[in-house]
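As structure tokens, the structure follows; a few thoughts come after it.
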Amino acid sequence: MADDLGIGDLGCYGNRTLRTPNIDRLAEEGVTLTQHIATSPLCTPSRAAFLTGRYPIRSGMAAFSRVGVFLFSASSGGLPSEEITFSKLLKQKGYATALIGKWHLGMNCESSNDFCHHPLSHGFDYFYGLPVTNFRDCKPGQGSVFLKGVQKGLVLPIQITGIALVSLVVVQYIGLLKVPFQALCSFLLIITISLVVLIFFFYNFRQLNCFLMRDHQIIQQPLSYENLTQRLTKEAMQFIERNTDTPFLLFLSYLHVHTALYASENFKGKSKHGLYGDAVEEMDWSVGMLHMLLTAVEGILDDLCSCSPN
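Under UniProt numbering, think of the first position of the sequence shown as 1, with each following residue one higher.
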């Protein structure tokens, strides 16, 4: 599964300037679903629909807020445990199942280690990837989506609070109203603590929300983008190699080409479309590596069903 890839970015859909021979070959040998429309333009609800086959509103994954996706690893929401996913069904039939890459469907319910929304609670035997998503905030130099949005939302409340505090001090000073000194100090203390907590969270967003997991263990915090797609590809290939003698489900959920944009050194600066094009071509390379491995295993392609949604 690609993330935010445009239909016009692939050769099989008419692009002539980005090199995607491996994906094009899959399209040529398979079926292109030109009317396979996503249920939502946002990550969390569309992924919930993909896994369950149901509209996201039916599983409570369609938000009415402006954001519409999970922004924090500590969010208590997620894909309900009673939902039936295709990974659960295949696991019940004896398939080895793995999710490699992005999840973005929640992690915990009531504590930091109950993992009620974790991939391993939804039919996957193995997970290697990001429990949330690929934020621009996670990669230094790529800007910030989260901070700008929150800062805009906080400007008015901070202004109102500041005006209220100054007004209380003024009316107290000129004697129009008797404001207990203890009340003023308590109000100021609450504001100070709130600002300190917010500032701490702002400046530690990357550390708190951008990390890599293997099953239930955090293995890299904060996340490093160096050779990240190559690492995801290696994990996927190792999973296939471990399960050549058993039925398996591999859900490889790429971070490409969602921002923050990145590419390994072997692909950086090689396309005609900057870092975005580099990311597309690196993802195509990854698809080619998996196809080459599957081709090398005798008989496996005859029984293989692959689907590549965006």
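A virtual CB, placed ideally from N, CA and C, is assigned to each residue, including glycine.
Can you look up residue i in the DSSP assignment and give me helix, strand or coil?
| i | result |
| --- | --- |
| S253 | strand |
| R214 | strand |
| F64 | coil |
| Y126 | strand |
| L99 | strand |
| Q220 | strand |
| F135 | coil |
| F267 | coil |
| G277 | helix |
| F248 | strand |
| G106 | strand |
| G78 | strand |
| H291 | helix |
| L301 | helix |
| L5 | coil |
| L33 | coil |
| Y203 | helix |
| S286 | helix |
| T192 | helix |
| N22 | helix |
| S306 | coil |
| Y13 | helix |
Assuming residue i and residue j form a contact by the criterion Cβ under 8 Å, report the distance between their Cβ atoms to the nearest whole angstrom.
| i | j | result |
| --- | --- | --- |
| F127 | M213 | 7 Å |
| T97 | F115 | T97 to F115, Cβ: 16 Å. No contact. |
| D3 | V257 | 7 Å |
| G101 | S253 | 3 Å |
| I191 | T161 | 6 Å |
| S264 | N204 | Actually they are not in contact, since the Cβ atoms of S264 and N204 sit about 27 Å apart, beyond 8 Å. |
| P56 | S81 | With 8 Å as the limit, P56 and S81 do not qualify as a contact, their Cβ atoms being about 16 Å apart. |
| K139 | Y262 | 6 Å |
| G14 | G8 | 6 Å |
Have a look at the options and flag the residue whose alpha-carbon is nearest the alpha-carbon of residue i.
| i | options | result |
| --- | --- | --- |
| D137 | S306, L223 and P80 | L223 |
| K234 | K270, M283 and K88 | M283 |
| I158 | F205, L195, V280 and H273 | L195 |
| E83 | G68, R66, H118 and G101 | H118 |
| I219 | E265, L130, N227 and M1 | L130 |
| L301 | L26, A260 and I7 | L26 |
| F86 | G299, F50 and G11 | F50 |
Report yes or no: do three or more beta-carbon pairs, one from the segment 279-299 and one from the segment 162-173, lie closer than 8 Å? no
So, do the segment 141-148 and the segment 102-118 have three or more beta carbon pairs nearer to each other than 8 Å? No: the two stretches stay apart, fewer than three of their Cβ pairs being nearer than 8 Å.
Flag this pair as touching only if the segment 72-89 and the segment 206-221 have three or more C-beta atom pairs under 8 Å; answer yes or no. The segment 72-89 is in contact with the segment 206-221.
At least 3 beta-carbon pairs within less than 8 Å: the segment 28-39 vs the segment 273-287: no
Using 8 Å as the threshold, is the segment 81-101 in touch with the segment 245-252, meaning 3 or more CB pairs across them? yes
contact_flag[the segment 60-67, the segment 41-51] where n(CB pairs < 8 Å) is 3 or more: yes
So, does the segment 10-25 touch the segment 255-275, judging by three or more C-beta pairs under 8 Å? yes
Ranges of the alpha helix (DSSP H) found wholly within the segment 141-185, counting only runs of at least 4: 146-174
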